[in-house]
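*Asks:*
Residue numbers (this note's numbering): 1 to 418.
#1: Assuming residue 300 and residue 258 form a contact by the criterion Cβ under 8 Å, report the distance between their Cβ atoms to the nearest whole angstrom.
#2: Roughly how many whole angstroms lie between the Cα atoms of residue 295 and residue 240?
#3: Among the residues of its own chain, which have a CB less than 8 Å from the CB of residue 322, if the five just before and after it don't count?
#4: Buried or exposed, going by whether 16 or more other CB atoms sit within 10 Å of the CB of residue 297?
#5: Give the DSSP-derived three-state secondary structure of residue 260 in the structure shown.
#6: Tell me, please, whether the stretch 263 to 280 touches the stretch 399 to 418 by the rule of three or more beta-carbon pairs shorter than 8 Å.
#7: Where do the ends of the alpha helix (DSSP H) carrying residue 168 lie?
#8: In the structure shown, what three-state DSSP assignment does residue 408 receive?
#9: According to DSSP, simplified to helix, strand and coil, what is residue 124?
#10: Check whether the stretch 158 to 178 touches the stretch 230 to 239, taking contact to mean three or more Cβ pairs, one atom from each stretch, closer than 8 Å.
#11: In whole angstroms, what is the alpha-carbon distance linking residue 391 and residue 383?
#12: How about the stretch 126 to 135 and the stretch 188 to 200: do they share at least three Cβ pairs that are nearer than 8 Å?
#13: Out of 313, 365, 34, 84, which has the shortest C-alpha to C-alpha gap to residue 277?
#14: Can you give, in chain order, each stretch of the alpha helix (DSSP H) that sits fully within the stretch 243 to 325 and has at least 4 residues?
#15: Give the list of continuous alpha helix (DSSP H) stretches no shorter than 4 residues that lie fully inside the stretch 366 to 413.
#16: State the Cα-Cα distance for the pair residue 45 and residue 30, rounded to the nearest angstrom.
#17: When you compare only the Cα positions, how much space is there between residue 399 and residue 151?
#18: Less than 8 Å between the beta carbons of residue 377 and residue 393, yes or no?
#19: Counting only the same chain and skipping the five closest in sequence on each side, list residues whose C-beta sits under 6 Å from that of residue 286.
#20: DSSP state of residue 333, grouped into three classes?
#21: What's the C-alpha gap between residue 195 and residue 49?
#22: Judging by CA-CA distance, which residue of 185, 367, 282 is the nearest neighbour of residue 125?
#23: Could you check where the alpha helix (DSSP H) with residue 236 kicks off and where it finishes?
#24: Would you mind working out which of 36, 341, 70 sits nearest residue 372, comparing C-alpha positions?
#25: When you compare each of 402, 208, 179 to residue 153 by their alpha carbons, which one comes out closest?
#26: For residue 36, which residues from the same chain have a beta carbon less than 6 Å from its beta carbon, with the 5 sequence-adjacent residues on both sides left out?
#27: Just to confirm before moving on: does the CB-CB distance between residue 55 and residue 22 stay below 8 Å?
#28: Compute the beta-carbon to beta-carbon distance between residue 346 and residue 358, rounded to the nearest angstrom, for a pair I have assumed lies under 8 Å.
#29: For residue 188, which residues from the same chain have a beta carbon less than 7 Å from its beta carbon, with the 5 sequence-adjacent residues on both sides left out?
#30: Just how far apart, CA to CA, sit residue 218 and residue 224?
#31: Which residues in the same chain have their Cβ closer than 7 Å to the Cβ of residue 39, if we skip the five residues on either side of it in sequence?
#32: Got a sec? Which residues, its chain only, sit under 7 Å from residue 284 by beta carbon, not counting five neighbours each side?
#33: So residue 24 and residue 52 are supposed to be a Cβ contact under 8 Å. How far apart are they, rounded?
#34: Between residue 140 and residue 171, how many whole angstroms is the CB-CB distance? I'm expecting something under 8 Å.
#35: What would DSSP say about residue 208, mapped onto helix, strand or coil?
#36: From what residue to what residue does the alpha helix (DSSP H) around residue 87 run?
Right, dumping it as structure tokens:
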């Protein structure tokens with residue numbers, strides 16, 4: 001089917017206890033919203049970032065004693081706005097800008113007021129299209145959006161690109177300068193521009209989802225990415241790739257709770273408790289795929305979503321329709337001929353034709369620095385009874401794995417294969 005409150009508060013509210021961990025969580029949730037809003041108001045990326053970061057520093061000082069305000073995001077944005085205005089007042093060159101800001105922003109002395117600084121959701125969409133402007137390189141588009149919209153530190157963005165922090169810092173600075181020098185507009189593209197501007201935006205949203213922490217306890221970036229995917233799908237209801245990305249993220253998120261054990265150990269797809277999968281997310285995603293399945297040719301996100309929908313249809317791993325998955329991977333490889341897609345196609349072929357057939361395909365791929373490549377080889381070698389080679393492949397995969405849980409899981413597999 002998938003083929004295609006406290007007394008110390010001025011108003012008597014009860015204070016909500018807050019510590020540095022709570023502020024960190026709110027930072028992940030609200031940073032992008034606040035930065036996007038201030039960029040719209042002030043037209044200066046660096047000024048917006050500085051003000052929002054300073055506002056969070058103020059929050060770290062005030063909230064532990066005063067308690068968490070009922071609208072932390074509104075508090076941060078209002079505080080950041082006031083800090084930016086104060087800075088402009090100290091700068092004679094900022095007087096003209098202040099007059100503009102006074103028109104754009106309704107005034108409020110109440111830091112707990114609602115989102116009085118404007119439509120933050122639209123601001124975030126403006127920001128992501130600005131960051132993903134064709135004048136910027138793809139790497140700069142992704143890095144800048146992760147930095148500004150996702151609130152990732154430069155170090156975290158650098159890790160996602162596997163480059164040095166100093167290199168990434170320079171890349172981000174250059175991207176900001178180019179936006180300013182080229183006068184890249186801070187707006188959502190016109191309808192006739194949207195299709196051509198969509199690919200880098202979808203790539204950024206997908207990376208934003210995968211940049212989130214790998215445990216169910218910290219879903220903030222994933223939630224932000226899903227929200228953005230929903231917004232894009234609403235903005236472009238007839239665009240299959242926008243819907244495909246949303247469906248893919250929903251299907252991935254539906255399995256999140258079953259992908260790790262309480263001790264952090266990983267659980268492979270075939271071993272996951274499928275009764276823990278979120279059926280509401282699955283059904284929503286399947287409806288999206290069905291709505292767009294007649295699109296020809298289907299794009300990479302819609303095809304990936306369809307593959308995940310086939311997995312979701314199976315009550316057990318033994319009931320998985322592997323022939324349909326291989327057919328979908330054939331289509332995906334045609335539109336996205338990458339070694340990673342070929343690796344996943346080989347895994348599916350292994351489920352149909354056995355590990356020897358899969359291993360011959362895997363060995364043809366040039367993915368020496370990609371730890372799932374070595375993990376796949378290790379599993380296939382183990383299934384073929386080649387214990388020594390399997391143990392070496394597990395060790396190579398563990399050495400490249402990015403998290404402690406993944407490294408331990410792979411080393412356990414290596415020990416078991418000996």
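Backbone N, C-alpha and C fix where the C-beta goes; we use that ideal spot for every residue, glycine too.
*Replies:* So, from the listed chains and residues:
#1: Actually they do not touch by this definition, with Cβ atoms about 25 Å apart.
#2: Rounded to the nearest whole angstrom, the CA to CA distance from residue 295 to residue 240 is 7 Å.
#3: So the qualifying residues of the chain are 348, 351, 352.
#4: With fewer than 16 other Cβ atoms within 10 Å, it is exposed.
#5: Residue 260: strand per DSSP, three-state reduction.
#6: The stretch 263 to 280 vs the stretch 399 to 418: in contact.
#7: According to the DSSP assignment, residue 168 belongs to the alpha helix (DSSP H) that extends over 165 to 181.
#8: DSSP places residue 408 within a helical segment (H, G or I) once states are collapsed to three.
#9: Helix at residue 124.
#10: Segments in contact, no.
#11: Using only the alpha carbons, I get a separation of about 12 Å.
#12: Yes, they touch.
#13: Checked all of 313, 365, 34, 84; the closest Cα to residue 277 is 313.
#14: Within the stretch 243 to 325, complete alpha helix (DSSP H) segments of at least 4 residues are found at 279 to 292, 300 to 313, given in chain order.
#15: 371 to 383, 387 to 400, all fully within the stretch 366 to 413.
#16: Linking residue 45 to residue 30 through their CA atoms gives a straight-line distance of about 16 Å.
#17: Rounded to whole angstroms, residue 399 to residue 151 spans 29 Å at the Cα level.
#18: Cβ atoms of residue 377 and residue 393: closer than 8 Å.
#19: If we look at residue 286 and ignore the five residues flanking it on each side, its Cβ neighbours are 309.
#20: Residue 333 falls in the helix class under three-state DSSP.
#21: C-alpha separation (whole angstroms): 29 Å.
#22: Nearest in C-alpha terms to residue 125, of all of 185, 367, 282, is 185.
#23: Looking at the DSSP string, residue 236 is not in any alpha helix (DSSP H), and its letter there is neither H nor E.
#24: Distance check between residue 372 and each of 36, 341, 70 places 341 closest, using alpha-carbon atoms only.
#25: The option with the nearest alpha carbon to residue 153 is 208.
#26: These residues qualify, in order along the chain: 123, 124, 127.
#27: Going by C-beta atoms, residue 55 is not nearer than 8 Å to residue 22.
#28: For residue 346 against residue 358, the beta-carbon gap comes to about 5 Å, under 8 Å, which counts as contact.
#29: Scanning its chain for C-beta atoms nearer than 7 Å, with the 5 sequence neighbours on each side dropped, one finds around residue 188 the residues 125, 126, 129, in chain order.
#30: Note on residue 218: pLDDT 46, under 50, position unreliable in the model; the coordinate value appears next. Rounded to whole angstroms, residue 218 to residue 224 spans 12 Å at the Cα level.
#31: If we look at residue 39 and ignore the five residues flanking it on each side, its Cβ neighbours are 45, 48, 127, 186.
#32: 250.
#33: In fact, because the Cβ distance is near 14 Å, the residues do not count as touching under 8 Å.
#34: Taking C-beta atoms under 8 Å as the contact rule, residue 140 and residue 171 qualify, at a distance of about 6 Å.
#35: Helix, per DSSP.
#36: Residue range 72 to 89 is occupied by the alpha helix (DSSP H) that includes residue 87.
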